[in-house]
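J.:
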Amino acid sequence: MSKLSAVIITRNEEENLPRCLASVKFADEIVIVDSGSTDRTLDIAREYGARVCETEWRGFGLSKREGVSAANGDWVLSIDADEEVSSALAEEIQNAVRDSTSVAGYYIPRRTEFLGRWIMHSGWYPDPVLRLFRKDRGNFDEALVHEKVVLDGETGRLRHDLLHYCYPSLDDYFRKFNRYTSLAAREAHQNGRKVGVRHVVINPLVKFVKQYVVKGGFLDGLEGLLLAILSACYVMVKYAKTRDLARRENSGRALPG
0 MSKLSAVIIT RNEEENLPRC LASVKFADEI VIVDSGSTDR TLDIAREYGA RVCETEWRGF
60 GLSKREGVSA ANGDWVLSID ADEEVSSALA EEIQNAVRDS TSVAGYYIPR RTEFLGRWIM
120 HSGWYPDPVL RLFRKDRGNF DEALVHEKVV LDGETGRLRH DLLHYCYPSL DDYFRKFNRY
180 TSLAAREAHQ NGRKVGVRHV VINPLVKFVK QYVVKGGFLD GLEGLLLAIL SACYVMVKYA
240 KTRDLARREN SGRALPG
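Residues 0 to 256 (numbering that gives the first Met the number 0) are what the sequence shown spells out, left to right.
1) Residue 229 by DSSP, collapsed to three states: which one?
2) Whole angstroms are fine: how far does the CA of residue 233 sit from the CA of residue 206?
3) Note down, in chain order, each residue of its chain lying with its Cβ closer than 7 Å to the Cβ of residue 146, except the 5 sequence neighbours on either side.
4) Since residue 16 and residue 74 should fall inside the 8 Å C-beta cutoff, what is the C-beta to C-beta distance between them, to a whole number of angstroms?
5) Return the first residue and the last residue of the alpha helix (DSSP H) that residue 34 is part of.
6) With distances taken from CA atoms, which of 137, 165, 225 is nearest residue 70?
7) Within the continuous alpha helix (DSSP H) that includes residue 198, where are the two ends?
8) Taking all protein chains shown into account, do 16 or more other C-beta atoms lie within 10 angstroms of the C-beta of residue 87, making it buried, or fewer, making it exposed?
9) Quick test of the definition: if touching needs 3 or more C-beta pairs under 8 Å, does the stretch 115-131 touch the stretch 207-218?
10) Kindly indicate which residue of 183, 221, 21 has the alpha-carbon position closest to the one of residue 43.
11) Across the stretch 177-190 and the stretch 242-254, are there enough close Cβ pairs to call them in contact, namely three or more that are closer than 8 Å?
12) So, residue 19 versus residue 7, is the Cβ gap smaller than 8 Å?
13) CB-CB under 7 Å to residue 192, same chain, minus the five flanking residues each way: which ones, in chain order?
14) I'd like the ranges of any beta strand (DSSP E) spanning at least 3 consecutive residues and lying wholly in the stretch 62-121.
15) So within the stretch 149-220, which uninterrupted alpha helix (DSSP H) runs reach at least 4 residues, ignoring any that extend past its ends?
16) How should residue 83 be labelled, buried or exposed, when 16 other C-beta atoms within 10 angstroms of its C-beta is the threshold for buried?
17) Could you pull the start and end residues of the alpha helix (DSSP H) that residue 22 belongs to?
18) Any idea what DSSP makes of residue 252, helix, strand or coil?
19) Buried or exposed: residue 204, going by 16 or more other Cβ atoms within 10 Å of its Cβ?
20) For residue 46, which three-state DSSP category applies?
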């Protein structure tokens, strides 16, 4: 019978981790890849019987690749510490691992909470993510942020939701906002992206219209409006940071590691 490894990357996730770990207790093993936690993350992981791999932070893609390499299962379920596998999804995953023959990986619909509200429009739902895959047929790319699984083989789709408690407060949102825009800017700069007026003025406006109007963000109430505005700001700040990295490099200043 095929074995399933749940793989989770962490850094100071003591608030989220118990919920996450409890939801994947059906897996044959749980692997935690931790990058320098200073809170109770590692203690909590070991309390739940997880195997902990400590490593330096090198970006989301490489951290998740380390987790896949450390997994002993035939199948890998990759989830984030702020996510939860619903009971219905847990049953569906177990059936897929047990019964699947030709399928190499599965997309899972993800439902995200923003400021206490489940976002059901705005282009945020069903947000299918490829998170369940055969270890010998797939792995994550090396992207610093917005990493994805590269799969060799046929994919299927599961029906039940992966729950994402990503932004319980605006403080949480802006902490991630700053980190992710910096990582995205580094990646864009490394790829030689040239930034002009269009990127910091037009692209954010297009993002707002697309998310709020075209993709129905107005149906998500005030949270949908806030999310569209903040998503437009994300685009602007990402490109502004990309341009700033180029300016600093051209002036001979050291860039952030």
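The beta-carbon is built from N, C-alpha and C at its ideal position, and this holds for glycine as well.
T.: Reading off the structure:
1) In the structure shown, residue 229 sits in a helix (DSSP, three-state: H, G or I).
2) Counting only the Cα atoms, residue 233 lies some 10 Å from residue 206.
3) Taken in chain order, the residues that qualify are 59, 60, 63, 139, 140.
4) With a beta-carbon spacing of about 22 Å, residue 16 and residue 74 fall beyond the 8 Å limit used to define contacts.
5) Unbroken run through residue 34: none, as it is neither H nor E.
6) Ranking the options by Cα distance to residue 70, first place goes to 137.
7) Looking at the DSSP string, residue 198 is not in any alpha helix (DSSP H), and its letter there is neither H nor E.
8) Around the beta-carbon of residue 87, fewer than 16 other beta-carbon atoms lie within 10 Å, marking it exposed.
9) Contact between the stretch 115-131 and the stretch 207-218 is present, with at least three C-beta pairs closer than 8 Å.
10) Minimum Cα distance to residue 43 is reached at 21.
11) Touching, per the Cβ criterion.
12) It is a contact, given that the beta carbons lie within the stated cut-off.
13) Around residue 192: 241.
14) Segments of the beta strand (DSSP E) lying fully in the stretch 62-121: 74-77, 82-84, 102-107, 109-113, 116-118.
15) DSSP assignment within the stretch 149-220 yields the following whole alpha helix (DSSP H) runs of 4 residues or more, N-terminal first: 169-189, 202-208.
16) Buried, since its Cβ has 16 or more Cβ neighbours within 10 Å.
17) From DSSP, the alpha helix (DSSP H) with residue 22 extends over 16-22.
18) Shown here, residue 252 sits in coil according to DSSP, grouped into three states, outside any helix or strand.
19) By the neighbour-count definition (other C-beta atoms within 10 Å, threshold 16), residue 204 is an exposed residue.
20) Correct three-state label for residue 46: helix.
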